[in-house]
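Here the structure comes first, spelled out in structure tokens, and everything after it is commentary.
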Amino acid sequence: MKFGNSLRAVAAAGLVLTTVGIGAGSASAAEKDGWLTNGEFGLFCYQNQTNSVLDLYASDSNFADDYFKGTQSCANQSANDWTESYSNRDTYAWKVHTDWKGGGYGTSIAAGARGNTNVTFTNSISSAYFF
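Mapping of the sequence shown onto mature numbering (1 follows the signal peptide of the UniProt record, and there is no 0): residues -29 to -1, 1 to 102, in sequence order.
Listed below in structure tokens is the structure:
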């Protein structure tokens, strides 16, 4: 009888761990999936928030290894130095920079803001940080 109860306890623990693992995996997969959702900051490859989007949930110090997702014309292109508009659907402000690791020129984008980049930042953004 003790052996049967032990097996049930092990099976229940395994089920709990599997359920927790699945939940954590799906929540962390949302960032950089090509879909801008609430709580994310998005940089678009074209003006007026069109075409592909780099959707960020956490700060990113170097866009060199980031690529646009999806089936539109910017898909599979590097997001580094190739953004023309933004949409901040986060509750935090974000700061974008023209160089990696926060170097170069920087500007803040308020929570809820959306628009086109100015001449300094058009096709020049290489890093972004929330604050």
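Glycine residues also receive a C-beta, built at the ideal position from the N, C-alpha and C atoms. Being a predicted model, the structure only gives us computed values, none of them experimental.
Inter-residue Cα distance where the pair is residue i and residue j
i           : j    : result
N94         : N22  : 14 Å
R60         : W53  : 20 Å
N9          : Y76  : 27 Å
W65         : F102 : 6 Å
D31         : S44  : 23 Å
A84         : F15  : 14 Å
residue 165 : A82  : The first residue shown for the chain is -29 and the last is 102, placing residue 165 beyond what the model contains.
Buried versus exposed call for residue i [16 or more other C-beta atoms within 10 Å across all chains shown]
i    : result
A50  : buried
V67  : buried
T88  : buried
S58  : buried
W6   : exposed
Y100 : buried
S98  : buried
G13  : buried
Rounded Cβ spacing between residue i and residue j (contact assumed at less than 8 Å)
i           : j   : result
S56         : Q20 : 5 Å
residue 136 : Y38 : Nothing in the structure corresponds to residue 136, since the chain is present only between -29 and 102.
Stretch pair the region 68 to 77 + the region 15 to 29: three plus CB contacts closer than 8 Å: no
Restricting to runs no shorter than 3 residues, where is the beta strand (DSSP E) found entirely within the region 12 to 98? 12 to 17, 21 to 27, 56 to 59, 65 to 68, 77 to 80, 85 to 87
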